Amino acid sequence: MGTVPGLSPTRGKCCHYAVLAVPVVVVLVQLCAAFNLDTEEVVVFTGPRGSYFGYSVEFFTNSSSISVLIGAPKANTSQPNITEGGAVYLCPWGEPNCSMVDFDKQGDRHFYINNVNTQVEFKSHQWFGATVRSHGNSILACAPRYYWRTEHDAPFADVTGTCYLSVDSLKTFVEYAPCRTERHGPVGQGYCQGGFSADFTKDGRVVLGGPGSFYWQGQLISATTEEIVKAYYPSYFLLSVAGQIQTGQVQGSYDDSYLGYSVAGGEFSGDDKEDFITGVPKGLMLYGVVSILNGRDLKSMLNLTGEQMGSYFGYAVAVTDINNDGLDDLVVGAPMFMRRGINGRLEELGKVYVYLQRGPLLLEPGQSHLLGQQAFSRFGTSLAPLGDLNQDGFNDMAIGCPYGGDEQHGLVLIYNGHAGGLMDTPSQTLTGQWASSSFPASFGFALRGNKDLDHNGYPDLIVGAFGVDKAVLYRARPIVSASASLTVQPTMFNQEEKTCELITENETIAVQLDSVKQNQKESIRRTLFLDNQQPVLLKTLSLTNGKRLCFDTKIYLRGEEEFRDLLSPIFISLNFSLDPHAPVDQHGLRPILNYETEQRIEQKAQIQLDCGEDNICVPDLKLAVYGDRAEVYLGDENSLSLTFNARNEGEGGAYEAELYVVLPPEADYSGIARNNVSLTQLTCSYEAENQTRYLVCDLGNPMKSGTSLWAGLRFTVPRLKDTHNIVQFELQIRSKNANNSESEVVQFDLEVAAVADVILQGVSRPDKVIFPPPNWGISQSLRDERDIGPELQQVYELVNNGPSDVSQSTLEVRCPLRAHGHELLYPLLSAAAEGIASLKPGTEHHIRRREVYRDLLAEQGNLTCSTVECWKLQCTVGLLERGASVILSLRSRLWAETFLERAYKQYVLECSIEYKVDRMPYSILPKLKPSGSKKVVTAVVWNKPDSPFPVPVWIIILAILAGLLLLSLLIYLLYKMGFFKRSDPYGTTMEKAQLKPQASSEA
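In mature numbering (1 follows the signal peptide of the UniProt record, and there is no 0), the protein residues as written are -34 to -1, 1 to 969.
As structure tokens, this is what we get:
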């Protein structure tokens, strides 16, 4: 995809049938070629298992071949009697198999010394291939652990190291062992380990590092390939190379410094003669040093010192022109650099230092040094200049972390260069895909780049992973760098305008329109649609490098009734990407977008509001809240009505104004208050976010300036706990305005209280006792309780009408027992109770005795506990929940003999019961503990009984005679008055006889 200038502007008009806004999107995309490493189509080379294949890697390109050289320092070869001598493999590009290069076909050499056949060299375990470098047709491979015996009777051999050089593309080989000299032992070059590091200068000169020379002071040795080849004689064991230069031994304070641990070539002195850079990781009291040595005589010109002891500053060095100023720059690795972490402990992260050359021997640190991000990953173990990988004019760098990654398989980080050094963050991360059961995979331990292996014009990278005996080739592929612009016209529009005119200078391509800003709530989303009635416009274009293409589209805003958000901007975005199904290029690589490309571009437009010329509304929101109660009770549903007054006293409307009510955990929302026609009926929604529940009520969109509305909300507070004394509601008005968008938070507090309404009831059964009792006679001996007198039962009930619970109450019953030595009641100990925690019957211990000063039974009156001796019963009531009750039933008998002795006297026995709430099961103390009393009375009523004495006979006879005399006197008086002389109304007897049948027939 690409652009070219010269597209003429377009002009057009449009008219719309609805309230529409028409932003115009203008996008300019400019594409250019760049390159990146392909992680999908990689080439993996695999060597013999356990050979450490991939310990060193190198590109080898000449006029006839394109190959990769891979060192395997523990590989077995065909050399006779040699175990794990090490090898170098040649892996041609495009072929799956690698072949071993026979640098040395001979076994260990033996010389006759004093007529004794003596082995003078030891090639087993010499780690040949630990270092491999190439320059044109020349290839150098070294065995830094090569031993040779210096004297016949010496008990040990010297680790001098040796190298083999080919200058004709691996056809012939010569040995180069500059440390195999007569200066043997640790005092000389006996422990040199020559070839531990090696490199070629730009003009083909060989430089070797031997960190073990001179009591491990270290040494750097250099000679040209011509000088090495000329000095080589196969039959000579000790060779002297004419023209060779080398560093010498210095004072003992430099012992154990490891000069030559790493080596590179670059020009830093300004004499156009390439100099040598070597790492001295244990120099200067373990702070580490990097020395720049003159390329002519290896004299030290400049030393750079590490900043932390033990960081191994100088473990790896690399030279490249990072900032594209024509001067070589220096990169130094310190893989054991430590930094104190968040927990205060030191973490080994590793660090890479960048030094930019500003002039001869003038190096200054880059804008930033690079710090590893994972502990113990050994960030900076390997460094590889890559060349300009992304074609931005600055060279790039690969940095190895052989123990990085989630499973410590290894990482390689790609850092792009810029004018100030290397970027702070990697542009690409290559991850090891293999695990080893016996040794870390060490992916990234060896790196080489800045070679175009596949001849596609772009540099490639090879990565070694010796722990799994693999090396991976990453090829560079084209990257599309795109620059795009997005313009919206108009940026502010009036919804009432139905016509428009569009004038654009460019058109858009590959536009994806989205009206919703990220994280915007679904309830306030604004909807846009295109002229084709689809929510997204997808466009596929085919562009060549340097070509420009524009595209135009119209965007319509939906009707006002379909969205709420009038205040927030309308966001319009452009997304573009490469077609993943596009064909690959001639090299089999598929291009990708540059990682720095901004693929999503966003612009915005706004709806014109009635808020003045600046289109900025500034409300002033006020809120007042009133409740119909001040406290709530434990155990109750606690209905609550909140009435609020919401006002906007500002100069502009409050858009999408909403009342937010944060509910306490104890409360539930019931609904809108509708009992008052003056209250505004709101639309509210109940929502929850995390552990917070809240109510959102719409107050208007906009809530215009001067608005004052009253509304009510209903709640219940049923889940009260006694852990908090206050239940708190938080209310606030919120809007989407940018200025003064919220009112102050108003808190409405309810006090939590414990309240119980306890009722005490009592009844006597019967409430009247009639004397004398039926079928009862005075017995001289009491054999049964029935001989005492009539039974009396008293029932008491204690009811908790709530709303709170009662954990303990006390009941106390008092009844008259005796008066002046006369028994009144005989209490029975078998009292029954339901729900009573403990019952103490009226035993002698609980009888309260009082003195009586007069015989109250001599006259009628009430028998109460204030005037007679009483017995007392105490009861303890346990947990009494809301609606629960307890019943106490007491039985006693009246002493009939006491009352019969005073017949026809009217008495009322009065029993009293008192209750008191002792405790309630809450940590919140009640404001008032309920208590009360009840009186239960029983009346004694008399019935006159039949006389117990017989009537005398003479009285009966006298009464009969008096009755007969009175009857005679009455008959006599009737006779005198003529009562017996009146005529019969029916005549004579005959007449009666004659009348009877007739009367019968008539009847």
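Each residue gets a CB set at the ideal place from its N, CA and C atoms; glycine is no exception.
Bear in mind that the values here come from a model prediction, so they are computed numbers and not experimental data.
- In the DSSP assignment, Lys196 falls within the alpha helix (DSSP H) that extends over 191 to 197.
- Here the alpha carbon of Gly844 sits roughly 24 Å from the alpha carbon of Glu603.
- Taking the CA atoms as reference points, Leu894 sits about 11 Å from Arg885.
- Non-local beta-carbon contacts of Arg780 in its own chain, meaning distances under 6 Å to residues more than five positions away in sequence, involve Cys831, Cys836, Lys838, Ser878 in chain order.
- When DSSP reads this structure, Val724 sits in a beta bridge with Asn766.
- Taking C-beta separations shorter than 6 Å and ignoring five residues to either side along the sequence, the partners of Arg146 in its chain run Trp114, Thr126, following chain order.
- Pairing Tyr78 with Thr84, the inter-Cα distance amounts to about 6 Å.
- When DSSP reads this structure, Asn611 sits in a beta bridge with Ala590, Trp676.
- Val23 is positioned such that its CB atom lies no closer than 7 Å to that of Ala350.
- Selection Leu504, Asp594, Gly398 evaluated against Val10 yields Gly398 as nearest (Cα-Cα).
- The straight-line gap separating the alpha-carbon atoms of Phe411 and Glu6 is approximately 21 Å.
- In the DSSP assignment, Met304 is bridged to Glu314.
- In this structure, Gly307 lies near Glu313, with their beta-carbon atoms less than 7 Å apart.
- Under the three-state reduction of DSSP output, Gly619 falls in the coil class, being neither helix nor strand.
- In the three-state DSSP reduction, Arg556 falls in the coil class, being neither helix nor strand.
- The distance from the Cβ of Ala282 to that of Gly20 is about 17 Å, inconsistent with a contact at the 8 Å cut-off.
- Within the stretch 374 to 413, the complete beta strand (DSSP E) segments of 3 residues or longer fall at 377 to 381, 394 to 397, listed in chain order.
- Between Leu764 and Val852, the C-beta gap is smaller than 7 Å, which places the two residues in contact.
- Taking a C-beta distance under 7 Å as the contact criterion, Gly433 and Pro392 do not qualify as a contact pair.
- Contact annotation: the stretch 633 to 652 does not touch the stretch 575 to 595, with fewer than three C-beta pairs closer than 8 Å.
- Counting only runs of 3 or more residues that sit fully inside the stretch 107 to 141, the beta strand (DSSP E) segments are 128 to 132, in chain order.
- Sixteen is the threshold: when 16 or more other Cβ atoms of the shown chains lie within 10 Å of the Cβ of His335, as they do, the residue is buried.
- The stretch 859 to 866 makes no contact with the stretch 690 to 710: fewer than 3 CB pairs, one atom from each, lie closer than 8 Å.
- Around the Cβ of Tyr938, a 10 Å sphere holds fewer than 16 other Cβ atoms; the residue is exposed.
- Counting only the Cα atoms, Leu854 lies some 52 Å from Val643.
- For Phe203, no alpha helix (DSSP H) run applies, since DSSP gives it neither H nor E.
- As a beta-bridge residue in DSSP terms, His76 pairs with Gln85.
- In this structure, the beta-carbon distance from Asn560 to Ser447 falls below 7 Å.
- Per the coordinates, the alpha-carbon of Ser730 lies some 56 Å from the alpha-carbon of Tyr660.
- Between the stretch 336 to 343 and the stretch 358 to 372, the count of Cβ pairs shorter than 8 Å is three or higher; the stretches touch.
- Within the stretch 214 to 292, the complete beta strand (DSSP E) runs of at least 3 residues fall at 228 to 232, 241 to 246, 255 to 259, 266 to 271, 282 to 286.
- DSSP places Thr776 outside any alpha helix (DSSP H); the residue lies instead in the beta strand (DSSP E), whose first and last residues are 774 to 785.
- Leu504 is classed as exposed because its beta carbon has fewer than 16 other beta carbons within 10 Å across all chains shown.
- Between Ile258 and Met267, the C-beta spacing is below 7 Å.
- The three-state reading of DSSP puts Arg859 in strand, counting E and B together.
- Leu931 and Lys947 have their alpha carbons spaced roughly 23 Å apart.
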